[in-house]
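Numbering (this note's numbering), first residue to last: 4 to 117.
Built from N, CA and C at the ideal position, the CB exists for glycine as well.
Everything on this sheet refers to the single structure shown next.
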């Protein structure tokens, strides 16, 4: 991996791993659309931080913001094609963690017993 690819890799890992980004994206994939639905789904996040993260995720192109001209105005947030692709690309990492966390847990239990 050359230096430019290494920097892109690092930037990608930091973006995907930033606190709340994954939970917000998953909430969108699971059907959250309104701000209140995201807040109810993403346990522990404040309104202020959720608003900031949604704005950042929109700027990165992984969340799309849709404004409906209703009374009152309705704002919906949906995962973009890029956001859905990111979730899909992270799935093998989730599977890797499941395998390796089980192995780590078994190793920890063996060390504690021995």
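Of the residues the options, the one placed nearest residue i, counting alpha carbons only
i, options, result
"residue 25", "37, 39, 44", "44"
"residue 36", "70, 107, 46, 89", "70"
"residue 94", "28, 41, 76", "28"
Rounded straight-line distance, which links the Cα of residue j to that of residue i
i, j, result
"residue 80", "residue 7", "32 angstroms"
"residue 46", "residue 4", "37 angstroms"
"residue 68", "residue 19", "19 angstroms"
"residue 11", "residue 72", "39 angstroms"
"residue 88", "residue 82", "10 angstroms"
"residue 63", "residue 91", "17 angstroms"
"residue 108", "residue 56", "33 angstroms"
"residue 61", "residue 9", "25 angstroms"
"residue 15", "residue 58", "18 angstroms"
"residue 42", "residue 105", "31 angstroms"
Residues that DSSP places opposite residue i in a beta bridge
i, result
"residue 27", "Looking at the DSSP assignment, residue 27 forms no beta bridge with any residue, so it has no partner."
"residue 69", "79"
8 angstroms contact criterion, which residue i and residue j should meet: CB distance rounded
i, j, result
"residue 38", "residue 78", "7 angstroms"
"residue 31", "residue 86", "7 angstroms"
Indicate whether the contact test is met: 3 or more Cβ pairs, each with one atom in the stretch 45-52 and one in the stretch 87-101, closer than 8 angstroms. no
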